[in-house]
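This report refers to the structure that appears directly beneath it.
In the working numbering, the protein residues as written are 2 to 144.
The structure is reproduced here in C-alpha cells:
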C-alpha cells in the first residue's frame with residue numbers, strides 16, 4: 002500500500018530539507034570564495050524557508066488535526082518565519098544604533114534590541130525549529 006502525503010506533510014518535509022541545506026552551508030568549513038559564490042542561492046533558500054514556514058502555519062491553522070501535532074507544526078512554522086523576521090529586525094536596530102550613537106539612551110535601547118533579536122534569530126529559532134521538527138516527525142510516523 003502506497004502512503005500518500007498530505008499538503009502539510011509535503012510542506013513540512015520541504016521545510017526540513019531547506020533547513021538542513023542552510024545548516025550545511027553555515028556549518029561546513031569551506032573557503033570564503035566558495036561561500037560567496039553560493040550566497041545568492043542561500044539568500045533564495047532563506048526566503049523559501051520563510052515562505053514555507055508561512056504556508057505551513059496557514060495549512061496547519063486551517064486543518065483539523067490532532068492538537069499535539071498541530072502544536073509541533075505551528076512551532077516549526079513560527080520558528081521558520083521568526084528566523085528571517087528576527088534577522089531583519091536585528092539589522093534594522095543595529096542600523097538605528099549606529100545612527101543614534103550620539104543620543105546615549107536611544108543608542109543603548111537600540112543596541113539592546115539588536116542584540117536581543119540577534120540571539121532570538123541565531124539561538125532560539127533554530128532550537129524551536131528542531132523541537133517542532135522532531136516532534137512533528139514523531140507524530141507523523143506514529144499516525
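Every residue, glycine too, gets a C-beta built ideally from N, C-alpha and C. Being a predicted model, the structure only gives us computed values, none of them experimental.
What ranges does the beta strand (DSSP E) occupy inside the segment 71-136, keeping only unbroken runs of at least 3 residues that lie completely in it?
Taken in chain order, no unbroken stretch of beta strand (DSSP E) lies wholly in the segment 71-136 with a span of 3 residues or more.
Quick one: grab the DSSP three-state call for residue 34.
Residue state, collapsed to three classes: helix.
Using 8 Å as the threshold, is the segment 64-81 in touch with the segment 93-102, meaning 3 or more CB pairs across them?
No, the segment 64-81 is not in contact with the segment 93-102.
Minimum C-alpha distance to residue 13 - residue among 21, 26, 53, 121
When C-alpha distances from residue 13 are compared across 21, 26, 53, 121, the shortest belongs to 53.
Assign residue 9 to one of two classes, buried (16 or more other C-beta atoms within 10 Å of its C-beta) or exposed (fewer than that).
Classification of residue 9: buried, given that the 10 Å Cβ count is 16 or more.
Among 81, 88, 110, 142, which has the Cα closest to the Cα of residue 97?
Minimum Cα distance to residue 97 is reached at 110.
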